[in-house]
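Going down the list, the protein sequences come from chains Y and Z. 112 is the number that the working numbering gives to position 112 of the first sequence; each next residue is one higher, with no gaps. Plus 1000 on top of the position in the second sequence (first one is 1) and you've got the working numbering. Note sheet for the following structure.
2 protein chains.
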Amino acid sequence: MAANSRFAMATHIMSAMAMKPGELVSSTFLAESLNTNPVVVRRILSELQRVGLLATQAGRTGGAELAKKASAITLYDIYQAVDEGELFAYNPNDPNRSCALSCEMKSVLEPIFASAQEALSESLKKTRLSDVVEKLAKRCSSSRRA
Amino acid sequence: MAANSRFAMATHIMSAMAMKPGELVSSTFLAESLNTNPVVVRRILSELQRVGLLATQAGRTGGAELAKKASAITLYDIYQAVDEGELFAYNPNDPNRSCALSCEMKSVLEPIFASAQEALSESLKKTRLSDVVEKLAKRCSSSRRA
DNA sequence: AAAAATGTAACTAATATTGTTACTGTATGG
DNA sequence: CCATACAGTAACAATATTAGTTACATTTTT
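Structure, rendered in structure tokens:
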């Protein structure tokens, strides 16, 4: 259980909400779609809410709904909300101060890691949540036909 | 101890070898530079050797050396050697077969994940090991001057 | 007041990463 | 020929993260 699937789950959750505009969707409903526990969903909802992608409402008829139009949300927004960890980690040990290479390694890697992270981010910015929903709608209707 | 630093360590190792062309470098020497245990180094050496980036020699005067010129090796080659895991993980649970969205989610995410991975890879291909070594050499000489 | 929702804390199980010890096999040098 | 220094690898411990679960407080509607 190491590679983190929160981005996939968050995109799933956001897509489900985008397909029910104006409706409040419960964590229990979302958990059934994800085949997991409602608390797992609520943890992700909480992160998405924190960055303003959705709003929740407590109480008997409560639930969550998108805070913006699906066309105004990119997958990068979702990625950022749930995946704050750095892509790459540096050597966790202190540099060996008697080794010049060891002392300079991190500062040489920094811009390389930053560029890679930036390339990844730009790629995710190209897809909007509305694009995902469109693809899902197409696939779902064609699988229903089959 | 979760985010994986093998790419940073492997780049460090490859750089150290690139700065001693023709020499066999021991895992003990590399471990001192990384401030870690020789076995940690040998595990990474083993992965780099598996993909043909370096060659090792056993015995009293043994060690490791690059199998190609530093200008013929990109950081992507190193990344691939040590970081085989996927960048993103899918929801580990089975899809809920009574939910069309749930059933189609993975196939919609697949090309998105692939594009992001590709963008990352292309970014890493832009830097050659020789570029890293040049930057290190500059930084090391200027820090020595200071 | 009951019911159904959010929000969150605390715990478990599984897994990954790093470091360590201990050992085998190999090649060199005296 | 044999001690030495290396690679290679298995086994284990410490730590951290992820996902799932239980439990409970709070909020809102009916």
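Every residue gets a Cβ at the ideal spot worked out from N, C-alpha and C, and that includes glycine. All values derive from a computational prediction rather than experimental measurement.
Proximal residues of chain Y, C-beta to C-beta of residue i below 7 Å
| i | result |
| --- | --- |
| residue 1127 of chain Z | 112 |
| residue 1024 of chain Z | The premise fails here: residue 1024 of chain Z is roughly 17 Å from chain Y at the closest Cβ pair, so nothing lies under 7 Å. |
| residue 1085 of chain Z | 3 |
| residue 1139 of chain Z | 104, 107, 108 |
Residue i, buried or exposed, once every other Cβ within 10 Å from all chains shown has been counted against 16
| i | result |
| --- | --- |
| residue 1071 of chain Z | exposed |
| residue 77 of chain Y | buried |
| residue 1021 of chain Z | exposed |
| residue 1114 of chain Z | exposed |
| residue 63 of chain Y | buried |
| residue 1116 of chain Z | buried |
| residue 1098 of chain Z | exposed |
Whether residue i touches residue j by CB criterion (8 Å)
| i | j | result |
| --- | --- | --- |
| residue 17 of chain Y | residue 1012 of chain Z | no |
| residue 1051 of chain Z | residue 1081 of chain Z | yes |
| residue 1015 of chain Z | residue 1124 of chain Z | no |
| residue 5 of chain Y | residue 1092 of chain Z | yes |
| residue 1089 of chain Z | residue 122 of chain Y | no |
| residue 1065 of chain Z | residue 1025 of chain Z | yes |
| residue 96 of chain Y | residue 1033 of chain Z | yes |
| residue 1074 of chain Z | residue 1127 of chain Z | yes |
| residue 1094 of chain Z | residue 37 of chain Y | no |
| residue 1007 of chain Z | residue 1079 of chain Z | yes |
Proximal residues of chain Z, C-beta to C-beta of residue i below 8 Å
| i | result |
| --- | --- |
| residue 34 of chain Y | 1091, 1093, 1096, 1102 |
| residue 66 of chain Y | What residue 66 of chain Y touches in chain Z: nothing, since even the nearest Cβ is about 15 Å away. |
CB-CB length for residue i against residue j, believed under 8 Å
| i | j | result |
| --- | --- | --- |
| residue 9 of chain Y | residue 44 of chain Y | 6 Å |
| residue 101 of chain Y | residue 1140 of chain Z | 7 Å |
| residue 135 of chain Y | residue 1108 of chain Z | 5 Å |
| residue 1003 of chain Z | residue 84 of chain Y | Incorrect: roughly 11 Å between the Cβ atoms, too far for contact. |
Contacts of residue i in chain Z (Cβ-Cβ under 7 Å)
| i | result |
| --- | --- |
| residue 123 of chain Y | 1115, 1116, 1119 |
| residue 135 of chain Y | 1108 |
| residue 132 of chain Y | 1108 |
| residue 8 of chain Y | 1088, 1089, 1090, 1091, 1109 |
Under 9 Å from the C-beta of residue i: neighbouring residues of chain Y
| i | result |
| --- | --- |
| residue 1017 of chain Z | In chain order: nothing, as chain Y lies at least about 11 Å away. |
| residue 1011 of chain Z | 105, 108, 109, 112 |
Under 8 Å from the C-beta of residue i: neighbouring residues of chain Y
| i | result |
| --- | --- |
| residue 1075 of chain Z | 112 |
Beta strand (DSSP E) segments (min. 3 residues) lying fully within the stretch 43-86 of chain Y: Counting only runs of 3 or more, we get 54-57, 63-66.
Alpha helix (DSSP H) segments (min. 4 residues) lying fully within the stretch 1004-1033 of chain Z: Here the runs fully enclosed are 1006-1018.
4 or more residues per run - each alpha helix (DSSP H) lying fully within the stretch 1089-1139 of chain Z: Listed in chain order, they are 1100-1125.
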